[in-house]
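**Q**
Numbering (my numbering), first residue to last: 2 to 591.
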């Protein structure tokens, strides 16, 4: 398990580095060179200190002179080097800020673009909070790491190597103590980073679940209050919040002890090196001068300081890698395949299901050897209990899912050979749950056909009976609404959805319980709009209220993925079967 965690972390970190460096190699090359300048600047400043002590200060004190001009001149040189290092650091940070914005811009764009290509099955199996967490928490974490932690990680690592080599050439004996420190530090970093990585992964997953539940509760606040579910809702949220807090506590427990441990170890090393250096100097066991000892101590402080800072950035990098893992996993999700190459020309709307069998998970069959047909202009209704397979039929017709066996044809053409966009443009899907976008009423209707003129939009609204209430709004068709967060009634929202389908002007209409969530008065108005829209079009209608299917050319009564009765309203009543029992109120739909 530990090896898998280490391998997973390194693999994610490697993938993240490749992505960061791709298309930004020139910029990072400049940043790398500037990092070398900064590291060399640390070495030069240490050498300056050695020479300042041994060559200038000691000589002045020994000779008893009062001419400090050489010392001042040397200090000016040190100042010049430090100023150059400051400029290099400033340029480096400016470049990093720009390249970070570019990387995050591209990553968000690529992720969002990829999301548009994902199949419906992905959204059926992943929560809103989980997906939103990728675009918010995970992206924000990466932003800080790309801007600060990763560059600092490599700058400090490079500085540590250069400083270590300099110490090695200065005093092999003293450097051996530093090697002992290095072994201890690497062990501590490895142990704590592994522990924190495990809990940060759980932290990211639990915060996604927490956000998803919060979003769900916000949308369902009226339902929650209606059923007095507030206390239970609080308990459920508390359970998710406790899980997140537990993971966070454990993750930060390991990361927060990085600095104290590293600081104490480095302080102990400094004391040991200072004591040994002074001992060597006083006993004349080495040729080390006072300036050289001071230089070595300063180098050791730079070396341990680099590792202390590295340890602090390890926390951020580990956390970012758990987010990056989710982001790259999301980007690696398989896009919706579009194997069909046939484009529909003047589609009519003749639909056939021929011995279709389908399962969502490959284990439990939802449809069993199902056959049905709808000729051009016919209105076909589906009734049955929840889970009978009615909505599945519309999912398969739109190729949101592909069947395991059998055949579905549109105008005699196997839909698997039809380009998905071409197939879907031939059908308008009106769902029970409406969704409006932030924008004007006109823009929301035009969503069905972006090439529609203002006249086309208004014609579609008039066709379905939405024009009357639109004209009563403050700005008419130019009234701005904030998505679903609008004062429009449920019936008005549904009329806009129907108008959106009308401006699309497809040969096939698919209605999935489009009136089940509205009141009776609104249902009558919506039904008139749908009747006007369905004229001359092939219509597949899933209905829970039997009053809406009486005029259908054929009614399919479904149960457990099979059609158990079929016929028109009058024929089915004569059979005294399942439809008769439902219509007469002898039984109710589950």
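Just so you know, even glycine gets a beta-carbon here, dropped at the ideal spot from N, CA and C.
Using DSSP's beta-bridge definition, name the partner residues of residue 408.
**A** Residue 408 is bridged to 355.
**Q** Look at the Cβ atom of residue 557, then the Cβ atom of residue 430, and state whether they are nearer than 8 Å.
**A** Taking 8 Å as the Cβ cut-off, residue 557 and residue 430 do not qualify as a contacting pair.
**Q** In angstroms, rounded to a whole number, what distance separates the CA positions of residue 585 and residue 114?
**A** Each residue's alpha carbon lies about 51 Å from the other.
**Q** So what does DSSP say about residue 291, is it helix, strand or coil?
**A** Looking at residue 291 - three-state DSSP - the assignment turns out to be helix.
**Q** So, with DSSP's three-state summary, where would you put residue 580?
**A** Helix at residue 580.
**Q** Quick one: Cα of residue 575 to Cα of residue 536, how far?
**A** Cα to Cα, residue 575 sits roughly 27 Å from residue 536.
**Q** Do you know offhand how far residue 2's Cα is from residue 195's?
**A** Residue placement at residue 2 is flagged as unreliable, the pLDDT there being 46, under the threshold of 50; the coordinate-derived value follows with that caveat. If you take the alpha carbons of residue 2 and residue 195, they lie about 11 Å apart.
**Q** With distances taken from CA atoms, which of 237, 83, 444, 272 is nearest residue 50?
**A** Considering only alpha carbons, the answer is 83.
**Q** Where does residue 370 fall in DSSP's three states?
**A** The answer is strand: DSSP assigns residue 370 an E or B state.
**Q** According to DSSP, is residue 2 helix, strand or coil?
**A** Residue placement at residue 2 is flagged as unreliable, the pLDDT there being 46, under the threshold of 50; a coordinate-derived value is accordingly withheld.
**Q** Looking at C-alpha atoms only, which residue of 157, 15, 103, 108 is the closest neighbour of residue 39?
**A** Here the closest residue by C-alpha is 157.
**Q** Let's test the definition: count the other Cβ atoms within 10 Å of the Cβ of residue 240 and tell me whether it reaches 16, buried, or not, exposed.
**A** So residue 240 ends up on the exposed side.
**Q** I'd like to check one pair, residue 98 with residue 18: are the Cβ atoms closer than 8 Å?
**A** Contact: no.
**Q** Pair every Cβ in the region 114-125 with every Cβ in the region 300-308, then say whether three or more of these pairs are closer than 8 Å.
**A** Short answer: they don't touch.
**Q** Whose CA, out of 492, 433, 426, lies closest to the CA of residue 350?
**A** With distances taken between Cα atoms, residue 350 lies closest to 426.
**Q** Just reading off the beta strand (DSSP E) that residue 381 is part of, what are its end residues?
**A** Per DSSP, residue 381 belongs to the beta strand (DSSP E) from 380-385.
**Q** If you count every other CB in all the chains shown that lies within 10 Å of the CB of residue 438, and 16 or more means buried, which is it?
**A** Classification of residue 438: exposed, given that the 10 Å Cβ count is below 16.
**Q** Skipping 5 residues on each side, what residues in its chain have a beta carbon closer than 8 Å to that of residue 216?
**A** Cβ neighbours of residue 216 beyond the five flanking positions: 129, 130, 133.
**Q** CB-CB under 7 Å to residue 96, same chain, minus the five flanking residues each way: which ones, in chain order?
**A** 28, 31, 32, listed in sequence order.
**Q** Can you grab the Cα-Cα spacing for the pair residue 659 / residue 385, in whole Å?
**A** Given that the chain is displayed from residue 2 to residue 591, the structure contains no residue 659 and the question cannot be resolved.
**Q** At 4 residues or longer, and completely inside the region 121-186: list those alpha helix (DSSP H) runs for me, N to C.
**A** You should have 121-126, 129-134, 140-145, 151-171.
**Q** Taking the alpha-carbon positions, what's the residue 365 to residue 357 distance?
**A** One C-alpha to the other measures close to 14 Å.
**Q** Excluding five sequence neighbours on each side, which residues of the same chain lie with their C-beta closer than 8 Å to the C-beta of residue 101?
**A** For residue 101, where only same-chain residues beyond five positions count, the Cβ hits under 8 Å are 144, 147, 148.
**Q** Pull up the DSSP beta-bridge partners for residue 543, would you.
**A** 383, 513.
**Q** Go ahead and label residue 509 buried or exposed: buried means 16 or more other beta carbons lie within 10 angstroms of its beta carbon, across all protein chains shown.
**A** That one is buried.
**Q** Rounded to whole angstroms, what is the Cα-Cα separation between residue 294 and residue 275?
**A** About 8 Å.
**Q** Just to confirm my understanding: we take residue 479, look at its own chain, exclude 5 residues before and 5 after, and list those with CB closer than 8 Å. What are they?
**A** Taken in chain order, the residues that qualify are 441, 442, 443.
**Q** For residue 428, which three-state DSSP category applies?
**A** Reduced to three states, the DSSP call for residue 428 is strand.
**Q** Cβ of residue 80 versus every heavy atom of the ligand SAH: is any distance shorter than 7 Å?
**A** In the structure on display, the ligand SAH does not appear, and there are no ligands present to speak of.
**Q** Measuring straight from C-alpha to C-alpha, what distance separates residue 179 and residue 301?
**A** If you take the alpha carbons of residue 179 and residue 301, they lie about 8 Å apart.
**Q** With a CB to CB cut of under 6 Å and the five nearest residues on each side skipped, what residues in its chain are close to residue 353?
**A** So the list reads 374, 410, once near-sequence residues are dropped.
**Q** Using the Cα positions of residue 1 and residue 561, report the straight-line distance between them to the nearest angstrom.
**A** For residue 1 there is no data in the structure shown, the boundaries of the chain being 2 and 591.
**Q** At which residues does the alpha helix (DSSP H) containing residue 567 begin and terminate?
**A** Careful: residue 567 lies outside any alpha helix (DSSP H), inside the beta strand (DSSP E) at 563-568.
**Q** Please say whether residue 242 and residue 193 have beta carbons closer to each other than 8 Å?
**A** No.
**Q** Around the Cβ of residue 15, are there at least 16 other Cβ atoms within 10 angstroms (buried) or fewer (exposed)?
**A** Label assigned to residue 15: exposed.
**Q** Between the Cα of residue 432 and those of 176, 93, 527, 246, spot the shortest distance and give me the residue it belongs to.
**A** Closest by alpha carbon: 527.
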